[in-house]
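Shown next, in structure tokens, is the structure this report addresses.
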Amino acid sequence: RKEVEQDPGPFNVPEGATVAFNCTYSNSASQSFFWYRQDCRKEPKLLMSVYSSGNEDGRFTAQLNRASQYISLLIRDSKLSDSATYLCVVNRSVRGTSYGKLTFGQGTILTVHP
Amino acid sequence: GAGVSQSPSNKVTEKGKDVELRCDPISGHTALYWYRQSLGQGLEFLIYFQGNSAPDKSGLPSDRFSAERTGGSVSTLTIQRTQQEDSAVYLCASKLGGGIVDTQYFGPGTRLTVL
Numbered sequence: 049r050k051e052v053e054q055d056p057g058p059f060n061v062p063e064g065a066t067v068a069f070n071c072t073y074s075n076s077a078s079q080s081f082f083w084y085r086q087d088c089r090k091e092p093k094l095l096m097s098v099y100s101s102g103n104e105d106g107r108f109t110a111q112l113n114r115a116s117q118y119i120s121l122l123i124r125d126s127k128l129s130d131s132a133t134y135l136c137v138v139n140r141s142v143r144g145t146s147y148g149k150l151t152f153g154q155g156t157i158l159t160v161h162p
Numbered sequence: 068g069a070g071v072s073q074s075p076s077n078k079v080t081e082k083g084k085d086v087e088l089r090c091d092p093i094s095g096h097t098a099l100y101w102y103r104q105s106l107g108q109g110l111e112f113l114i115y116f117q118g119n120s121a122p123d124k125s126g127l128p129s130d131r132f133s134a135e136r137t138g139g140s141v142s143t144l145t146i147q148r149t150q151q152e153d154s155a156v157y158l159c160a161s162k163l164g165g166g167i168v169d170t171q172y173f174g175p176g177t178r179l180t181v182l
């Protein structure tokens, strides 16, 4: 089983739609969580961190459920520019060290069409 | 300010040749990571540097892969006797410290094609 699993999609939605992505992680020692965005043939860029209390940044809302080891990302009022691959990312300390190691999901492809 | 830079941006090589990929992290960032992303795949961790030492090399796929970092700054990933399955985008990321809080910033990647 992969440490971080995402529905690869693709999700094809019209402008203005609301779309939700889900992600599960298997390592209960995971400590911090992120969503990254990766445009075609570009590097990943941090979209937002994910907190247990849930957090919102404009049209984007992220949720974390530690008990279920589940992370979500909700995008409201989709824009054409939201088309990208969304990567679920989990960070944990490597046992015996103080450093963090990111594990990436395979990504969910979103295409927003006019 | 300047972000993470990588060179070359594209590299085409013949099977069996050695290649060197370079990463210049953000100035002052002590942690540096190398990842590989194959077509349609997620990011695969290769190696982590804290300063000049590599406490985690667990992702290097074979002994043909090696990496070093000098002066706590520039890192070089070397692939010896390249194989076609080495074709991928090699991404470097850096972050300020070694803990779990800081954000990783990625470079644009080197697209390696082994013919």
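First to last, the protein sequences are chains L and R. Position 53, counted from 1, in the first sequence is what our numbering calls 101; the numbers after and before it change by one each time, with no gaps. Position 83, counted from 1, in the second sequence is what our numbering calls 150; the numbers after and before it change by one each time, with no gaps. Glycine residues also receive a C-beta, built at the ideal position from the N, C-alpha and C atoms.
Cβ atoms of THR156(L) and GLY57(L) come within 8 Å of each other, at about 5 Å.
For ARG103(R), the number of other beta carbons within 10 angstroms of its own is at least 16, and it is reported as buried.
Straight through space, the alpha carbons of VAL71(R) and LEU158(R) are spaced by roughly 10 Å. Inclusion of LYS162(R) and GLN171(R) in the CB contact set at 8 Å is warranted, their separation being smaller than that value. Residue pairing of VAL138(L) in beta bridges, as defined by DSSP: PHE81(L) and THR151(L). Residue range 118-123 is occupied by the beta strand (DSSP E) that includes ILE119(L). Our two residues, ILE93(R) and PHE116(R), have alpha carbons roughly 14 Å apart in a direct line. Rounded to whole angstroms, the separation of the alpha carbons of ASP125(L) and PRO128(R) is 42 Å. DSSP places SER76(L) in the coil class of the three-state scheme, outside both helix and strand. Contact between VAL137(L) and PHE82(L) holds, since their C-beta atoms are separated by about 4 Å, short of 8 Å. Straight through space, the alpha carbons of LYS90(L) and GLY176(R) are spaced by roughly 8 Å.
If you draw a straight line from the Cα of THR97(R) to the Cα of ALA121(R), it is about 12 Å long. The residues GLY83 and ARG131, in chain order, have a CB closer than 6 Å to that of ARG148(R) in the same chain once the five nearest residues on each side in sequence are set aside.
At a cut-off of 8 Å, the C-beta of TYR99(L) has no neighbouring C-beta in chain R. Taking the C-beta atoms as reference points, SER131(L) is found no nearer than 8 Å to GLN79(L). Chain R places a beta carbon closer than 8 Å to that of TYR147(L), counting this residue as a contact.
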